[in-house]
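Protein chains in written order, with this note's numbering: chain A, 1 to 569; chain B, 1001 to 1569.
Just so you know, even glycine gets a beta-carbon here, dropped at the ideal spot from N, CA and C.
These numbers come from a predicted model, not from an experiment.
These notes concern the structure reproduced below.
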């Protein structure tokens, strides 16, 4: 089975690495002398991997560890997978590679060249499993490609990727310190650092990483309700008066993902309102200015109106970086109103929170330190692999107060360690995925300044795009002025529409332009960018830049591609 | 930087792999002729990886892709990480390695031998990042170790691990077909297969993978509410009468994770009741028999009682595999009552659902086909890496009806593909992590029979443990008879307590035995098993077997270890 045995080439593949020479490993060597029989040390350098030729056609999952003699096939199988993955990584950054190879659902379901999605009773060989891995990547979308602009989350950060590989190898969860000691502490330190960047005194407060911005926002509504009406936890919503929530009529970023969600009206605060028993009718939408920013006077008017109707205003969501326009609501003015009327202020910084890392751009979130809670998704603007979303809370203890099901549990702890590090009681989840490690590792590897540079670069790139098209023939901007975030919203007007008088016919035709261009983009696989309508504005392109691989040449390419595909529409 | 260039050893490290010879790749070769300029093919075999000696002390994250000339350092960095991970994997299955190397929070926070958790403004070298990766694993817990029995989720499945590595490399999410075409279809096919195993006609229905059993159970309550009181979605809970939910007084498995959660009374249905606005007082706990199974007559009595008080019974959760006892509620009898009173029947099979894969054990879930919804966590009994939890619903369309924020969106789809494949509208989340691929790949690799063998083996092992200790000196079983699941609950009675008369003093002493033994286990790092009290029963050990690496010798080791550590207490 092994075409090349141990002796065929001992040096390059089986040699000791540089790391062995460094201090940390000398330290480990020193410590080895003190080790007892059982060891947790995994720095055994003799075990440095060596690839061999392996015939996977006669191997099955049952031959891998923990099977007897499973070690060698396990390592060889994993290395073969890594070969597939590293090739994919290389191609992802290669502009001569397509962003995607589009197929319709029925085509993939019918089976593409032997790629059969159906599951069966009998096992497949590892050879087939490896082919399935290749095919899965082949028919997927390269979200890290320099010309993938379709989502707020894009790019493929190598440190973050390494962090995810390690996280899945460690395969634990965040419930207790007992089973995730390092990750629990990393989460605690990282959340504190994020609270410092928000500007809460000494970084005090609380928080959790949650499965996405929509859930983080849901936490904020739950905590607000618990703060003002704690009896709802035990007695239900009937113990409270009719409570109302306020949020922008523009989508906040915890409900992005493709522009599709805008079309589906996927508002996370509305979803929270529905789920938590408030009812969507009690989620009041706030008017925005032409740039998509909430108008504070409208908020105050609607608060007064609600109170006059006998309802109780509870919660205001200020969006820091809306999905479509990238708008930042005026937090300070909203905070003034929240203080005046004693309302909970949440800032949804899922998309815009990353700008806190930039000395140049953080002023756009000015006032965020006055918020009671903040959603901030490092998996968006900061390029952390999916998923990584934080809910941060200024008041300590309220997260556990809201979600704990047994307040007395601290009374009689019989564990040998300090159980205040256990996080399970704060979460609505039980098994909570380890989302922290990749983020912590990226922060270590880049430093705060690395994130800052990334963010500044993305904003520069979007300004480059804005400058390029604002006066270009065939383009109309959806709103005037330099965008606040990296969102650049524009219509491409094909030559056939350029002379047409404004009116219903032109609107209807223009509405179909972006979808047609997007469909052709996907068929040709050259680039991807989102589009959507907004209010009474027909479909327009929404360009966003969060991908660290994108350069000015990719922006140029996108514009060329839109013109190439749209010219004859 | 490269100590060995291209020519030093061309064959073993840079040679073509076996896979190149198979049909699928011949096919790919044939297709290459038809390729256009842009390619999505990632089977470029020339690119097979080659390790070189790399000095990471002068390399930083900024030197990796997408940096210019970043390809080589990127691949070498990832391979160095893989070296760390494959060594960890090998050690995980090695019984001479510790399960954990326990440190208190303050010890880790103070910094262990240069392992500094603090984040800073400046970047660290990749050498330091690699050291951090090693240290993270060193101070963590090996949840795949053959002697790790602490959680319902244990083991490290190699195929699942490979699936996770691929998933994080693909770095997309489940929101739309557009950005996750393959994963969306895999989810659809796998959920159908699961519904077939539940026994719903033709596998019809709906479902989603969600971030854990607690969220899956929360979905079930939301859907039930929407089914009977759809106006709650828009008007809130005040549009409904006082609704009550019923669940076992024993923890159901969506709230496990360590036995800690039992102590914290972390009931997922109660958490859902609190979050969704029902109130925990309206979650009625059902009495159980001595084996922890809900007594159907108690359910009926409590339904009648609630109705007499003017409340409206809505929802019953039947637990299929409780956290502590592994009890299966009698689903058929509960279903009869639900039909009689027109209530929603949910089965929480988070822990027990896996038994559906076993022809020998699936009868324990008899009646599950009568449920309206089912929670089933493949990350527990089926050994899928964390996280992987499914909410399955018998009625099609109701998931989207409940969670969609804009019913009209299907009216004017302008995408080029069939948007019914988009899943975003069904979820309360927006960015939904890809939890399906690892599970799909494991199913492909093992076949249904592979899961069946795993489950049968785990149940055999727990029966081995039961037989070993049921009449052994120094042991008392918490309940009589062969356990229904792999849960074996027992007290170890140290010699000093064996002659002591039953009474408060003995109870108090016995209550402290399991925590003391557990603390010593963790300090010595040899094995991990959970303990907890239940009702009026003092702390006892709860052994569970879901780890595919565990054998009879590991069970023997656990018992020896308990006796060694507990003998002199």
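With a cut-off of 8 Å on Cβ pairs, the region 1116 to 1124 of chain B is not in contact with the region 90 to 99 of chain A, counting fewer than three such pairs.
Listed by position along chain A, the residues whose Cβ is nearer than 8 Å to that of residue 1150 of chain B are 178 and 179. In the DSSP assignment, residue 1318 of chain B forms a beta bridge with B:1347. In the DSSP annotation of this structure, the continuous segment of the alpha helix (DSSP H) that includes residue 1077 of chain B starts and ends at 1071 to 1092. Contact annotation for residue 1171 of chain B against chain A: 143, 144, 156, 385 and 386 [CB-CB distance below 7 Å, chain order].
Taking a beta-carbon distance threshold of 8 Å, residue 1228 of chain B does not count as an interface residue toward chain A. Rounded to whole angstroms, the Cβ separation of residue 468 of chain A and residue 559 of chain A is 7 Å, and the two are in contact under 8 Å. For residue 1370 of chain B against residue 1392 of chain B, the beta-carbon gap comes to about 13 Å, at or over 8 Å, which does not count as contact. Here the region 219 to 233 of chain A makes contact with the region 314 to 327 of chain A; the two share three or more CB pairs at distances below 8 Å. Pairing residue 1277 of chain B with residue 276 of chain A gives a Cβ-Cβ distance under 8 Å. Listed in chain order, the non-local C-beta contacts of residue 1194 of chain B below 7 Å within the same chain comprise 1376, 1390 and 1392, local neighbours out to five positions each way being set aside.
Residues of the region 1482 to 1508 of chain B that bring their beta carbon within less than 9 Å of a beta carbon in chain A are absent altogether.
Under DSSP, the beta-bridge partners assigned to residue 534 of chain A are A:537.
Within the same chain, 206, 223, 226 and 227 come within 8 Å of residue 398 of chain A by CB-CB distance, once the 5 residues on both sides are set aside.
At a cut-off of 8 Å between beta-carbon atoms, residue 1430 of chain B makes contact with chain A. Within chain A, 105 have C-beta atoms less than 7 Å from the C-beta of residue 1421 of chain B, given in sequence order.
Where residue 558 of chain A is concerned, there is no enclosing beta strand (DSSP E), although the alpha helix (DSSP H) around it starts and stops at 552 to 566. Residue 1219 of chain B carries a helical assignment under DSSP once its states are collapsed to helix, strand and coil. In the DSSP assignment, residue 1475 of chain B falls within the unbroken beta strand (DSSP E) covering 1475 to 1477. In the three-state scheme derived from DSSP, where H, G and I count as helix and E and B as strand, residue 1067 of chain B is classed as coil. In terms of beta-carbon proximity, residue 1478 of chain B stays away from the interface with chain A, with every pair separated by 8 Å or more. Judged by their CB atoms, residue 1284 of chain B and residue 1245 of chain B are nearer to each other than the 8 Å cut-off. With contacts defined as CB atoms closer than 8 Å, residue 1440 of chain B and residue 1186 of chain B qualify as a contacting pair. Annotated three-state conformation of residue 1206 of chain B is strand, per DSSP. By alpha-carbon distance to residue 1068 of chain B, the top candidate from A:341, A:167, A:94 and A:567 is A:94. Residue 202 of chain A and residue 372 of chain A have their C-alpha atoms spaced approximately 15 Å apart. The beta carbon of residue 1081 of chain B sits closer than 8 Å to the beta carbons of 1130 and 1133 from its chain, once the five residues preceding and following it are set aside; these are given in chain order. Sequence-distant Cβ neighbours of residue 1298 of chain B in its own chain, meaning closer than 8 Å and more than five residues away, are 1286 and 1287.
With 16 or more other Cβ atoms inside 10 Å of its own Cβ, residue 1462 of chain B counts as buried. In the three-state reduction of the DSSP assignment, residue 1341 of chain B falls in the helix class, which pools H, G and I. Not flagged as an interface residue toward chain A: residue 1556 of chain B, since no C-beta distance is shorter than 8 Å. With its beta carbon at least 8 Å from every one in chain B, residue 462 of chain A lies outside the interface. Residue 390 of chain A: not part of any alpha helix (DSSP H); member of the beta strand (DSSP E) spanning 389 to 393, first to last residue. Residue 1148 of chain B carries a strand assignment under DSSP once its states are collapsed to helix, strand and coil.
Residue 199 of chain A is outside the set of residues whose beta carbon lies under 8 Å from a beta carbon in chain B.
Residue pairing of residue 248 of chain A in beta bridges, as defined by DSSP: A:286.
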